[in-house]
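Per our numbering, the very first residue in the sequence shown carries number 13; after that it's consecutive. Every residue, glycine too, gets a C-beta built ideally from N, C-alpha and C. Worksheet for the structure shown next.
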Amino acid sequence: MVCIHGQQSVTYIKLTGMIVIYILIALIIGLLVVALLLPKNYNVEKSTIIKRTVAAVMDKVGNLNFYSQWNPWQQSDPTTRSTVTGTPKTPGHKYAWEGKKVGVGSLTLNSVDEKHIHFALEFLKPWKSKAKDNWLFEPWGDGSETKVTWQNSGDLPFPMARLMGPMISKNLNHQFEVGLANLKKMCEG
Numbered sequence: 013m014v015c016i017h018g019q020q021s022v023t024y025i026k027l028t029g030m031i032v033i034y035i036l037i038a039l040i041i042g043l044l045v046v047a048l049l050l051p052k053n054y055n056v057e058k059s060t061i062i063k064r065t066v067a068a069v070m071d072k073v074g075n076l077n078f079y080s081q082w083n084p085w086q087q088s089d090p091t092t093r094s095t096v097t098g099t100p101k102t103p104g105h106k107y108a109w110e111g112k113k114v115g116v117g118s119l120t121l122n123s124v125d126e127k128h129i130h131f132a133l134e135f136l137k138p139w140k141s142k143a144k145d146n147w148l149f150e151p152w153g154d155g156s157e158t159k160v161t162w163q164n165s166g167d168l169p170f171p172m173a174r175l176m177g178p179m180i181s182k183n184l185n186h187q188f189e190v191g192l193a194n195l196k197k198m199c200e201g
């Protein structure tokens with residue numbers, strides 16, 4: 013009898029272990045299915061009015077030597093080390109960073125015209141991804157003010173970034189508001 017009871021205990025433990033494994037597999041498959049259904053990319057856009065001319069505001073955004081003074085990410089991570097290379101407001105002008113919170117990446121100016129500045133954004137850590145960082149500058153009011161629109165879009169790699177996509181968009185919206193407020197203060201101050 014002891015032997016039969018012992019076999020039942022072993023069978024019960026094996027059955028419980030298999031149920032736990034099946035539940036974990038189902039959860040993983042469920043998360044992967046959810047990730048498949050979530051958007052593959054994101055787009056964030058924010059605008060503000062700055063009481064300076066288009067040229068004055070474009071000078072601050074297109075010259076990455078000013079970037080650390082208004083970008084919200086560097087301000088949130090005091091460990092950030094950054095380097096700026098290239099000629100301001102010309103293709104190839106680059107801002108590279110490395111920090112504990114902000115990870116590792118770079119922002120490279122691709123093109124400039126009378127109303128736009130286009131950057132390529134590349135993240136190397138905590139995960140590799142690329143994004144487009146675009147700026148639109150429009151005369152506002154009597155021309156002494158500028159409507160600045162900051163737009164960022166990129167891919168959300170499968171599966172983790174897609175699962176984090178809603179949080180990424182929410183965080184970026186907030187960071188863009190802070191960054192535009194900082195830029196406004198710097199330009200108007």
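State the CB to CB distance for the pair Asn164 and Leu184, rounded to an integer number of angstroms; the pair is presumed to be in contact (CB under 8 angstroms). 6 angstroms
Using a Cβ-Cβ cutoff of less than 6 angstroms, which residues in the same chain neighbour Val116 once the five nearest sequence positions on both sides are dropped? Glu110, Leu136 and Lys137
Can Ser94 and Gln86 be called in contact, C-beta distance under 8 angstroms? yes
C-alpha distance - Asn55 paired with Ser21, whole-angstrom precision: 55 angstroms
Please classify Met13 as buried or exposed, where buried requires at least 16 other C-beta atoms within 10 Å of its C-beta. Bear in mind that a pLDDT of 44 at Met13, under 50, signals an unreliable position, so the number given afterwards is only what the model happens to contain. When all chains shown are included, Met13 counts as exposed.
Thinking C-alpha only, which one of Ser59, Val46 and Gly104 is nearest Pro178? Val46
So what does Ala67 bridge to, in DSSP terms? Partner(s): none; Ala67 has no beta bridge.
Limits of the beta strand (DSSP E) - the one that Asn53 falls within: Asn53 to Ile62
Exposed or buried, Met30, counting other C-beta atoms within 10 Å across all chains shown (16 or more means buried)? exposed
Considering only the alpha carbon of each residue, which of Lys159, Ala108 and Ile180 lies closest to Lys127? Lys159
Where does the unbroken alpha helix (DSSP H) through Trp139 begin, and where does it stop? Element bounds for Trp139: n/a, residue is neither H nor E.
If you count every other CB in all the chains shown that lies within 10 Å of the CB of Lys26, and 16 or more means buried, which is it? exposed
Cβ of Pro103 within 8 angstroms of Cβ of Asn122? yes
Residues in its own chain within less than 7 angstroms of Phe170 by CB, not counting five upstream and five downstream? Ala47
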